[in-house]
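First comes the structure, then the notes that go with it.
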């Protein structure tokens with residue numbers, strides 16, 4: 001057999017083997033690549049760990065400002081900001097690119113210099129009587145000992161930040177004249193307004209319409225929780241601390257000394273039964289999410305807390321502000337259903353005030369705004385639901401009346417006190433505060 005014939009025969013035998021080996025090689029490479037990708041995914045999933053010493057909250061994604069992690073009970077849920085928005089690691093919500101401060105931003109907790117003296121004691125109902133004091137062991141007790149079916153379901157719509165062309169028309173649509181309380185009066189809300197970027201003509205119009213102007217601060221200054229007494233006096237225009245960071249005992253000392261009715265800065269962790277407003281005569285009845293809550297007693301100062309919003313088995317997490325819950329991938333009907341289920345935890349149980357806190361962000365997404373309007377229209381079909389301001393809610397809490405008597409409740413009557421618009425439902429006395437109707441004096 002010639003040499004050429006031998007080589008030809010060998011090539012015929014070797015080529016199939018080479019093809020087989022090539023297929024095996026490609027398969028091995030493919031499997032290796034897939035395994036590497038899976039490993040990278042696992043590494044990426046395990047890369048972020050929730051801080052163990054801070055608790056629930058929103059945290060910046062180290063890789064991109066377009067995402068953030070919401071930590072709930074130690075588990076991180078990855079969330080994406082709506083199109084065109086970026087996560088701000090200071091305010092902890094999505095905002096416009098030129099306003100976003102990308103994170104993670106390192107923060108060093110300020111040392112607590114206050115000595116642990118004169119600490120508030122646990123609630124003692126025997127020594128805490130309305131209208132000057134209210135507390136309960138876990139914060140879920142209904143004032144006045146009423147049964148849930150006799151309690152009005154109050155809804156407190158609150159709006160944080162500046163009022164201007166970016167949001168004014170959205171607010172006017174929410175409070176259109178067709179939406180009325182059971183007594184025929186227009187529904188009301190509370191605006192925690194910051195001075196910067198605000199249009200005061202628009203604010204005056206909201207006040208004239210009877211909404212409560214209980215502003216935040218002159219400026220959204222960072223680090224106010226660590227400021228001294230003088231700084232808080234200068235900043236204390238409203239009743240909600242910026243970014244829900246209470247100013248420890250200093251802020252509440254200012255509130256007490258200057259006779260403010262209430263604060264609304266303390267967030268409540270997710271709880272099956274929501275917490276009612278309470279006075280700060282005693283220790284707060286729940287975990288302090290911010291770590292800067294008051295530790296001393298401030299008799300007569302009311303706290304209107306922000307209960308966490310959440311729905312069981314939903315991965316959007318827990319949020320004090322509704323716009324911080326991740327609902328931007330839902331249509332309007334999904335948003336309606338989510339709000340209905342969240343609301344039912346109040347309405348079907350102890351009927352604690354259902355606070356609906358918003359930033360302007362909510363109204364930048366059409367589906368969220370439409371879902372909100374659907375919810376407002378739906379909830380107004382219920383006969384015992386009232387949209388009131390924070391101060392109006394306290395007028396009921398300090399002197400609870402059953403639902404059947406509310407049509408004649410003077411503090412909620414728009415034909416008298418509220419006809420003038422600006423919230424003047426009570427005269428405030430320092431230290432011991434009772435909500436006293438003006439025309440009762």
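In full-length UniProt numbering, the protein residues as written are 1 to 441. No residue lacks a Cβ here, since even glycine has one placed at the ideal position from N, Cα and C. Every value quoted in this text rests on a predicted model; they were computed, and no experiment measured them.
Where residue 249 is concerned, the enclosing alpha helix (DSSP H) starts and stops at 248-257. Of the residues 262, 198, 145 and 273, the one whose Cα lies closest to the Cα of residue 163 is 198. Spatial neighbours of residue 202 in its own chain (CB-CB distance under 6 Å, excluding positions within 5 residues in sequence) are listed in chain order as 163 and 168. In the three-state scheme derived from DSSP, where H, G and I count as helix and E and B as strand, residue 354 is classed as strand.
The DSSP-derived three-state label of residue 332 is helix. Beta-bridge annotation (DSSP): residue 85 is paired with 96.
Contact annotation: the stretch 361-380 does not touch the stretch 287-300, with fewer than three C-beta pairs closer than 8 Å.
Secondary structure of residue 382 (DSSP, three-state): coil. Taking a contact to require three or more Cβ pairs closer than 8 Å, the stretch 131-148 and the stretch 383-390 do not qualify as touching. Annotation for residue 190: 158, 212, 214, 389 and 390 place their beta carbon closer than 6 Å to its own, counting only its chain and skipping 5 residues before and after. Residue environment for residue 180: exposed (fewer than 16 other C-beta atoms within 10 angstroms of its C-beta).
Take residue 393, set aside five residues on each side of it, and the residues of its chain with a beta-carbon closer than 8 Å to its own are 154, 156, 277, 304 and 353, in chain order. The beta carbon of residue 383 sits closer than 7 Å to those of 182, all from its chain and outside the five residues before and after it, given in chain order.
When rounded, the separation of the alpha-carbon atoms in residue 102 and residue 60 is 7 Å.
Under the DSSP definition of a beta bridge, residue 367 lacks any partner. Beta-bridge analysis with DSSP links residue 71 to 57 and 76. Residue 324: not part of any beta strand (DSSP E); DSSP gives it neither H nor E.
Residue 373 and residue 175 have their C-alpha atoms some 10 Å from each other. Beta-bridge analysis with DSSP links residue 186 to 180. Checking the DSSP bridge columns, you'll see residue 154 partnered with 386. In this structure, the beta-carbon distance from residue 120 to residue 271 does not fall below 8 Å. For the options 209, 314, 274 and 65, the alpha carbon positioned closest to that of residue 93 is the one of 65. With respect to the C-alpha of residue 301, the residue from 308, 284 and 307 having the closest C-alpha is 284. For the set 58, 83 and 63, the Cα lying nearest the Cα of residue 91 is the one of 58. Shown here for residue 118: same chain residues with a beta carbon closer than 8 Å to its own, the five before and five after excluded, namely 296 and 297 in chain order. Contact between residue 409 and residue 355 does not hold, since the beta-carbon distance rounds to 20 Å and is not under 8 Å. Out of 281, 395 and 361, the CA that lies nearest to the CA of residue 83 is found in 361. Boundaries of the beta strand (DSSP E) around residue 280: 278-280.
Residue range 168-174 is occupied by the alpha helix (DSSP H) that includes residue 174, with no beta strand (DSSP E) assigned at that position. Taken atom to atom, the span from the alpha-carbon of residue 138 to that of residue 405 is near 28 Å. In the structure shown, the three-state DSSP call for residue 306 is strand. One Cα belongs to residue 143, the other to residue 263, and the distance between them is close to 19 Å.
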